[in-house]
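Input: a single structure, listed below in structure tokens.
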Amino acid sequence: MNNNSKHFKIALLGNPNSGKSSVFNLLTGLRQKVGNFPGVTVDKKIGHAQLKEGISASIIDFPGTYSLYPTSKDETIVINTFANPQSENYPDVVIYVADITKLEPHLLLLTQIHDLGLPTVLALNMIDLAAKERLTYDIEKLSKLLQIPVIPISGRSGENIEQLKHIAADLCLQNSEPPKIFYRFSKKEEQLASDLQTDFNIDNPFRALIYAHHYDKMPFLSGLQKRQIESLCKQHEFESFSLQIRETMQRYDKFTPIVRQVLQKPIDDSEKDTLTDQLDLVFTHRIFGPLIFFLFMFLVFQAIFAWSEFPMMLIETAFGFAGQTLQNILPEGWITDLLTEGILAGLGGILIFIPQIAILFFLISILEEVGYMARAVFIFDRLMQKFGLNGRSIVALVSGGACAIPAIMSTRTISNWKERLITIMVTPLISCSARIPVYTVLVGFVVPSVTVWGIFNAQGLVFTGLYLLGIVAALVSAWVFKLILQTEESSFLMIELPKYRAPMIKNVLLIVKERVMTFTIEAGKVIMVISIILWVLASYGPSNKMELAEQNALEVAAQKNLDETATADLVAGKQIEASFAGHLGKFIEPAIEPLGFDWKIGIALITSFAAREVFVGTMATIYSIGSQEDEYTIRDRLAKATHPDTGLPVYTMATSLSLLIFYVFAMQCMSTLAVVKRETKSWKWAAIQFVYMTAMAYFGSLGVYQLLS
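Given below as structure tokens:
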């Protein structure tokens with residue numbers, strides 16, 4: 154550590170559900186960014202904090218971890234950082250966040266970090282809850298017994314956060330002597346640690362033991378170094394598992410008496426059921442628990458439609474006005490056409506759905522903050538096991554309702570390889586927020602916007618049905634994978650159920666902002682590129698064919714005495730058909746015609762493989778090219794679309810429902826496939842996923858269209 158430096162690195166550590174994220178937000182405010190830890194796909198949050206005058210720090214929010222004996226990929230990140238002082242994320246100081254109402258289990262990881270010799274401050278979080286429960290605690294005594302600074306804080310109100318910053322700043326500037334190690338080594342561990350320190354120049358004996366336990370999981374070690382450590386472990390008859398148990402039990406023997414000395418509950422409350430206990434009698438009930446969960450999900454999807462209608466209308470109106478204004482003030486030419494018919498039409502088809510996506514993330518985040526999602530894991534563990542999944546899979550499946558990419562990444566908490574792989578393979582079948590634009594546009598062609606039973610929106614019911622169809626498909630597919638995939642790994646669920654607490658709206662809003670911005674920026678980049686390419690493909694074609702198409706259209710218009718607007722639409726339609734995009738759509742039309750799709754829908758299917766939501770942007774672009782009726786929205790344009798030969802509507806109930814079924818099942822997302830490859834370390838599973846989902850989409854769509862038509 155360089156004492157002359159005025160900028161430091163601080164690690165934020167703690168168990169899951171310790172309130173670490175709230176503390177991170179209070180320390181850093183909006184000065185945050187999300188990246189990845191080196192060499193892996195685990196999210197890394199870094200924020201900037203001003204600790205004192207002239208002293209700042211980068212706060213690194215590490216994944217929630219129970220101990221230095223990891224059971225998931227997220228926890229392995231902590232090992233590989235703290236075992237390697239040369240790591241780019243190795244901190245100068247650790248802020249350890251612990252829930253004061255559940256202090257004892259939170260001290261296991263704290264004492265391990267303490268034994269690594271890192272300057273550490275213990276932030277006792279949730280003192281507001283402790284006050285409600287009438288807990289009494291002796292901070293000075295706890296600090297003395299643990300040999301580290303201790304500060305009581307509230308991640309909810311921000312109480313003592315400034316004091317926490319000042320203590321962290323002082324620790325950054327001082328040269329503290331190595332503390333007395335908590336764990337008493339066995340003779341065997343002592344000898345092995347000594348040899349490892351000598352041979353590998355390791356500065357700390359407990360860090361040497363971490364090498365002995367986890368050398369096979371440490372990418373910064375060479376193959377030769379791993380073999381040398383393995384040889385030393387065999388030489389000293391080092392039994393990792395039994396010694397992990399010994400260490401854990403000894404640590405509890407040390408800090409359990411400390412907790413009893415410094416933390417006291419009221420005697421009359423010791424046997425009294427808390428509000429959390431009483432609520433859990435209902436929320437985790439064998440029968441009522443799942444029913445309540447599905448009721449919550451049903452209300453979430455109803456809210457998506459009901460609350461988003463007005464802001465969506467405002468955005469739609471704004472884009473229509475912007476397009477009309479640009480056409481009025483800019484001179485005619487290809488640049489104006491590109492702006493209004495390409496970029497603006499494509500982006501408008503996506504940004505209009507931000508209200509729905511924001512509402513979805515907002516409500517799911519509320520459920521997480523309250524502590525309900527942990528109950529969902531517990532409730533569904535036994536059921537998930539029947540389908541080859543894990544209780545933690547429900548988190549990925551529910552998160553898949555927002556986006557499959559973070560949902561797939563969340564499977565790292567599942568330690569069983571088979572259950573994790575199955576969860577990855579079926580999660581994209583859960584309808585994500587990217588499907589919302591497609592569903593919203595097409596549901597209107599299937600069912601009118603009326604109220605059912607006096608309170609339910611009919612389109613919302615169909616929308617919920619599409620989500621349920623995806624869930625059923627995911628569970629059936631999981632069951633099939635369970636039969637195919639074989640493993641000798643056993644499965645178990647270990648999870649802490651946090652106390653119910655009121656959500657911190659600031660945290661929720663930060664999450665919503667982060668997710669919506671990510672969605673908008675990532676989708677926006679794709680849409681921008683796709684819209685420009687599509688505009689070029691739809692506006693230009695093989696030489697002479699575009700001119701010939703225009704000539705033929707004008708002749709037909711003259712014969713039918715069409716007005717100026719109808720003529721312009723006919724010319725635009727014929728030119729798109731003769732364009733490069735039209736040729737591409739025509740090429741795949743024979744394969745998709747049995748599904749009720751024409752060549753224009755074929756273009757959208759191809760472009761939407763970049764991202765499902767591109768479908769709407771594509772259709773907006775195709776149907777806006779050359780049209781003079783710019784006040785019409787994408788829904789109106791699709792409703793007016795007719796087959797040139799028959800004059801019948803393109804988007805009948807059969808076609809619309811067929812297209813909805815296709816998008817329920819299809820893997821129309823390059824980014825998801827890339828994440829699957831990254832998480833499974835193989836293109837094999839990504840390819841299998843793409844093939845089986847495409848087959849489900851094609852034959853499901855085929856069956857629906859042929860049956861209805």
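Under our numbering, the first residue of the sequence shown is numbered 154, with each subsequent residue one higher.
Ideal Cβ positions, reconstructed from N, Cα and C, are used throughout, including at glycine.
Query - residue 193 to residue 836 span [Cα, whole Å] - result: Here residue 193 scores only 44 on pLDDT, less than 50, and its place in the model is too uncertain to base an answer on.
**Report entry** Alpha carbon of residue 737 to alpha carbon of residue 725, nearest angstrom
**Finding:** 17 Å
Requested in this report: Could you check which residue in 384, 416, 795 has the C-alpha nearest to that of residue 298?
Outcome: 416
Query - Spatial distance of residue 389 from residue 216 (CA atoms) - result: 33 Å
Query raised in the report: Out of curiosity, what's the CA-to-CA distance linking residue 237 and residue 219?
Result: 19 Å
Query raised in the report: Are the beta-carbon atoms of residue 212 and residue 180 separated by less than 8 Å?
Result: yes
Query raised in the report: What did DSSP end up calling residue 472 once you bin it into helix, strand or coil?
Result: helix
Query raised in the report: Is it buried or exposed for residue 765, if we count other Cβ within 10 angstroms and need 16 for buried?
Result: buried
Report task. Report yes if the CB atom of residue 634 is closer than 8 Å to the CB atom of residue 578, and no otherwise. Result -> yes
**Report entry** Best match in 402, 717, 810 for proximity to residue 597 [C-alpha to C-alpha]
**Finding:** 810
Query raised in the report: Looking at the structure shown, is residue 209 part of a helix, part of a strand, or coil, going by DSSP?
Result: strand
Query - Beta bridge counterpart(s) of residue 864 as assigned by DSSP - result: Since the first residue shown for the chain is 154 and the last is 862, residue 864 is missing from the structure and cannot be characterised.
**Report entry** Beta-carbon contacts of residue 859 that lie in its chain and below 8 Å, excluding the five residues immediately before and after
**Finding:** 747
Requested in this report: Would you tell me roughly how many angstroms separate the C-alpha atoms of residue 161 and residue 270, rounded to the nearest one?
Outcome: 17 Å
Query raised in the report: Between the C-alpha atoms of residue 795 and residue 802, what's the straight-line distance to the nearest angstrom?
Result: 4 Å
Requested in this report: Return yes when the Cβ of residue 397 is within less than 8 Å of the Cβ of residue 222, no when it is not.
Outcome: yes
Report task. Figure out for me which residue from 515, 547, 627 has the closest Cα to the Cα of residue 663. Result -> 515
Query - Any beta strand (DSSP E) of 3 or more consecutive residues that is wholly inside the segment 273 to 315 - result: 273 to 278, 303 to 305
Query - Per DSSP, the bridge partner or partners of residue 249 - result: 166, 275
Report task. Leaving out five residues on either side along the sequence, give the residues of the same chain with a beta carbon under 6 Å from the beta carbon of residue 623. Result -> 582, 583, 584, 817
Query raised in the report: Is residue 424 helix, strand or coil when you go by DSSP?
Result: With a pLDDT of 48 at residue 424, under the threshold of 50, the predicted position of this residue should be treated as unreliable, though the coordinate-derived value follows. It is coil, neither helix nor strand.
Query raised in the report: Counting Cβ pairs closer than 8 Å, one from the segment 332 to 341 and one from the segment 350 to 364, do we hit at least three?
Result: yes
Requested in this report: Report buried or exposed for residue 241, applying the criterion of at least 16 other Cβ atoms within 10 angstroms of its Cβ.
Outcome: exposed
Requested in this report: Using three-state DSSP, classify residue 934 as helix, strand or coil.
Outcome: Because the chain is modelled from 154 through 862, residue 934 falls outside the range shown and cannot be assessed.
Query raised in the report: Rounded to a whole number of angstroms, what is the C-alpha to C-alpha distance between residue 263 and residue 493?
Result: 58 Å
Query raised in the report: Three-state secondary structure (DSSP) at residue 847?
Result: helix
**Report entry** Run of the alpha helix (DSSP H) containing residue 532, from where it starts to where it stops
**Finding:** 525 to 539
Query raised in the report: Among 286, 276, 317, which has the Cα closest to the Cα of residue 204?
Result: 317
Query raised in the report: Quick one: what's residue 604 bridged to in DSSP?
Result: 610
Query raised in the report: Straight-line CA distance for residue 541 to residue 769?
Result: 35 Å
Query raised in the report: Near residue 731, which residues of its chain fall below 6 Å by C-beta distance, leaving aside the five closest residues on each side in sequence?
Result: 694, 698, 699, 702
Requested in this report: Take every Cβ of the segment 341 to 350, pair it with every Cβ of the segment 271 to 283, and state whether three or more of those distances are shorter than 8 Å.
Outcome: no
Query raised in the report: The alpha helix (DSSP H) with residue 591 in it runs from where to where?
Result: 589 to 599
**Report entry** Contact under 8 Å by Cβ, residue 518 with residue 556
**Finding:** no
Query raised in the report: Is it a yes or a no for the segment 820 to 828 touching the segment 751 to 762, going by three-plus beta-carbon pairs under 8 Å?
Result: yes
Query - Sequence-distant residues of the same chain with beta carbon closer than 7 Å to residue 428, five excluded per side - result: 653
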